[in-house]
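Chains as they are written, first to last, in this note's numbering: chain A, 161 to 432; chain B, 161 to 432; chain C, 161 to 432.
1. What is the DSSP secondary structure of residue 424/B, counted as helix, strand or coil?
2. Step through the CB atoms of chain B and report whether any lies within less than 9 Å of the CB of residue 417/C.
3. Of all the options 317/C, 196/C, 335/C and 418/C, which has the alpha carbon lying nearest to the alpha carbon of residue 272/C?
4. What first and last residue would you give for the beta strand (DSSP E) that runs through residue 281/C?
5. Any beta-carbon of chain B closer than 9 Å to the one on residue 345/C?
6. Mind checking residue 270/A: buried by the 16 CB within 10 Å criterion, or exposed?
7. If I'm right that residue 389/B touches residue 344/B with Cβ under 8 Å, what's the distance once you round it to whole angstroms?
8. I want to verify the contact list: residues of chain C whose CB lies under 7 Å from the CB of residue 406/A, in sequence order.
9. Whole angstroms are fine: how far does the CA of residue 264/B sit from the CA of residue 227/B?
10. Which residues does DSSP list as the beta-bridge partners of residue 156/B?
11. Take residue 427/C and list the residues in its own chain whose beta-carbon comes closer than 8 Å to its own, dropping the five residues that flank it on each side.
12. Flag residue 178/B as yes if its beta-carbon sits less than 9 Å from any beta-carbon of chain A, otherwise no.
13. Taking one C-beta from the stretch 178-189 of chain C and one from the stretch 218-233 of chain C each time, how about it: are there three or more such pairs within less than 8 Å?
14. Given 8 Å as the limit, is there contact between the stretch 347-354 of chain B and the stretch 405-418 of chain A, that is, 3 or more CB pairs closer than that?
15. Report all residues from its chain with a CB closer than 7 Å to the CB of residue 435/A; omit the five preceding and five following residues, and keep chain order.
16. Between residue 429/C and residue 334/C, is the Cβ-Cβ spacing less than 9 Å?
17. How big is the Cα-Cα spacing for residue 441/B and residue 199/A?
18. Give the secondary structure of residue 370/A by DSSP, where H, G and I count as helix, E and B as strand, and everything else as coil.
19. Along the stretch 163-195 of chain A, where does the CB come closer than 9 Å to a CB of chain B? Name the residues.
20. 9 Å is my cut-off, CB to CB: does residue 287/B come that close to chain C?
21. Measure the Cβ-Cβ separation of residue 342/B and residue 358/B and say whether it is below 9 Å.
22. Are there 16 or more other CB atoms within 10 angstroms of the CB of residue 235/C, so buried, or fewer, so exposed?
23. Return the CA-CA distance between residue 416/B and residue 322/A, expressed in angstroms with no decimal places.
24. Going by the DSSP bridge assignment, what does residue 339/A pair with across the sheet?
25. Does DSSP classify residue 179/C as helix, strand or coil?
26. Could you list which residues in chain A have their beta carbon closer than 8 Å to that of residue 214/B, in chain order?
27. Within the same chain, show all residues whose beta-carbon is closer than 8 Å to that of residue 247/C, passing over the 5 residues directly before and after it, in chain order.
28. Counting only Cβ pairs nearer than 7 Å, list the residues of chain C close to residue 211/A.
29. Rounding to the nearest angstrom, what Cα-Cα distance links residue 260/B and residue 403/A in this structure?
30. Determine the DSSP secondary structure at residue 401/A, reduced to helix, strand or coil.
31. Is residue 211/A buried or exposed, if buried means 16 or more other CB atoms sit within 10 Å of its CB?
32. Just the chain A side, please: which residues come within less than 7 Å of residue 206/B by C-beta, in chain order?
33. Answer with yes or no whether the minimum CB distance from residue 411/A to chain C is below 9 Å.
34. By Cβ distance below 6 Å, which residues in the same chain neighbour residue 340/C in space, the five residues on each side in sequence not counted?
35. At the 9 Å Cβ level, is residue 198/A part of the contact set with chain C, yes or no?
36. In terms of alpha-carbon separation, which member of 280/C, 289/C and 281/C lies closest to residue 268/C?
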């Protein structure tokens, strides 16, 4: 059963300490590295054209986050994603700011060709990305979560990958299979890079279970949400949340994880 | 009256959550984003030549900080500043390290042409910038605050903008109008990027009151100083200050703000 | 005696607040700047080809860290290192990820030509670097500490510099002179950039004692280890360690430093 395997995945990352190659944005590099370390993984950040493919080849998973992209970095992302695809290494895409500029949309259209295992974004980003994929112009970030869920299903089928829509409730979608995680806390949205961290943690989980991207995404979102709740319960504001979140990622135990977990199987779909 | 309107501006940022476009340095991107979030604003960092103008166009204000500039980023700054000027969107300049190298001085001379609404720097930077603007060579960072104040007045008149000189006392200057904020704490100088954060917060305030750059700068410096005092009162060193500062930005209430505020109108000038 | 001079060096950095020029990686720029400030130094980060030599010329020491290198930054590093060598300004090299890709190895081979005063890395990196220097191919990161120590001695002699091998015990090596510092705590390895911080702090110490790179490296590693122990004793996980570490760097006093110091002279060698 899915729920019982989640804690095993948390333990697997702690035990194997997988190398996760991140090509991510300047704002969150420090957070991302710290969160991966706290969860038990081993982060590496590298983007030089002269080494980016070599780094992907020695890593267990690749994470691409377009937050502060420019032409040099886009080329780095393409080189790494192509190598990951060639090696059948799982990679996770964070489409930060999808829909905000046509430049971002073009870059994302290109990256989708390299078959990410998982895409994680907020409702606006997933709506924008589904719209890009179906060549529809115009993105309304005011769409509801239900509409994001429909977009996630379409995107999942078009790209043949797992799609995570983050929010007050996180939805993990693959075709018509939908799981909801209702953990987390509103203060998390006041700390920059919490979404980017969720994407990186998903990469770590994929690295230790490359054949199980769906379960990896569920486990990662559950871990994020529960660690965020524990942090928010102690915190006096967003500054403290960031610190306590890392502490919680590192110290979380099985009993707390299972007692806090708020998972609902929205639609069982065909288990993958 | 100026003093009574400051808290209203704090509330306006929290209520409207303006999008603030930052082209800033690598060292402080994370702090800056977190401080904008904690103050209620919505940060975006973007610098690709292919999107930087589009991002400025959808933001309420632009913040340019030259801390870790290079040729690519300077071009990004120019593109964004030109677009902000064309759209009459307020933008705020942080002349980090003005006077340290001739490269920085040349870049600043160029950026001043795009009519920033506010310039915020420490005494040495404002002295250097005034010197650049008046084509005088040689900058002595050992000048006194009073001399920085004179330089601020000259710079304000030459560029037709508000100039903020940060220090133990912050001076907000426009022509002969001078307001002093005596809040803050020496430990803030031991946390990297506190000045950069002040500049970014000024951008958020300008975004919600684009016709009132002077009042926005005063409100931003007051908020920074008071949040810093509250943080330092709880802190055991500079590491804790950073965390508690974000908590204070987020939780500060009107009564505390007004009771802590140490504002002096040094010279009333002509209210703008 | 070496041990008695260490606290004097800590005080010297606090008293002189040397300017330390860092060309370092995106992940740790914020930490590095905060740690330098907390230790009493004055950090500057600058990499533009148009100013990097000027910045090195006004700094007391240069720190080069290749963590997130690319071609532009490698050129920056070479320009700065060449200027440092020409001015006989001490510079410290952090060979992050040495051995991971051939691109990194080629860059490191080039940088070694500019005569760093100190090289600091973990066992794998020092083994890789010694291997690069002796033109031997193939690096096994599973080598033991003792083998890293031999590599450190060879590297020190080949490059004519001090070599620091960080780990549970830190070894400071110059030729056959070896000092061991047994301070520190395992939680430090769960915070990104602690090694990079050690390198930057070493730069600050070299800046105030440019003729004493060996003693500077010992003092820096002692300060790092003791501050880390104090932080870990208070911390609930890696998130808190980062904060308390900065607090400890800032507040550490002579009595605590001397009572905590665990220094062993492994081999006296010829004092330099």
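The beta-carbon is built from N, C-alpha and C at its ideal position, and this holds for glycine as well.
By the coordinates alone:
1. Three-state DSSP puts residue 424/B in a strand.
2. Output row for residue 417/C: interface = no.
3. Cα-wise, what sits closest to residue 272/C is 317/C.
4. Per DSSP, residue 281/C belongs to the beta strand (DSSP E) from 278-282.
5. False, the Cβ-Cβ gap to chain B never drops below 9 Å.
6. With fewer than 16 Cβ atoms within 10 Å of its Cβ, residue 270/A is classed as exposed.
7. Contact between residue 389/B and residue 344/B holds, since their C-beta atoms are separated by about 7 Å, short of 8 Å.
8. Under the 7 Å cutoff, chain C gives 397, 398 and 399.
9. Cα to Cα, the separation comes out at about 9 Å.
10. In the structure displayed, chain B extends from 161 to 432; residue 156/B sits before or after that span and is not available.
11. 336, 337 and 338.
12. At a cut-off of 9 Å between beta-carbon atoms, residue 178/B makes no contact with chain A.
13. Touching, per the Cβ criterion.
14. Below 8 Å, too few C-beta pairs join the stretch 347-354 of chain B and the stretch 405-418 of chain A to call them touching: fewer than three.
15. For chain A, the structure presents residues 161 to 432; residue 435/A sits outside this window and is missing.
16. Yes; because the gap between Cβ atoms is below 9 Å, this pair is in contact.
17. Chain B is shown only over 161 to 432; residue 441/B falls outside these bounds and no answer can be derived.
18. DSSP places residue 370/A in the coil class of the three-state scheme, outside both helix and strand.
19. Of all residues in the stretch 163-195 of chain A, 185, 186, 187, 188, 189, 190 and 191 have a Cβ within less than 9 Å of some Cβ in chain B.
20. False, the Cβ-Cβ gap to chain C never drops below 9 Å.
21. Between residue 342/B and residue 358/B, the C-beta spacing is not below 9 Å.
22. Counting Cβ neighbours within 10 Å, residue 235/C comes out exposed, since fewer than 16 surround it.
23. Residue 416/B and residue 322/A have their C-alpha atoms spaced approximately 48 Å apart.
24. 332/A and 425/A.
25. Residue state, collapsed to three classes: strand.
26. Per Cβ cutoff of 8 Å: 260, 261, 262 and 263.
27. Residues of the same chain with a CB within less than 8 Å of the CB of residue 247/C, apart from the 5 flanking positions on each side, are 216 and 217 in chain order.
28. Here the neighbours are 261, 263 and 264.
29. Between residue 260/B and residue 403/A, the C-alpha separation is close to 35 Å.
30. Reduced to three states, the DSSP call for residue 401/A is helix.
31. Buried.
32. Under the 7 Å cutoff, chain A gives 228.
33. So, interface residue.
34. If we look at residue 340/C and ignore the five residues flanking it on each side, its Cβ neighbours are 329, 331, 424 and 426.
35. The beta carbon of residue 198/A sits closer than 9 Å to some beta carbon of chain C.
36. For the set 280/C, 289/C and 281/C, the Cα lying nearest the Cα of residue 268/C is the one of 289/C.
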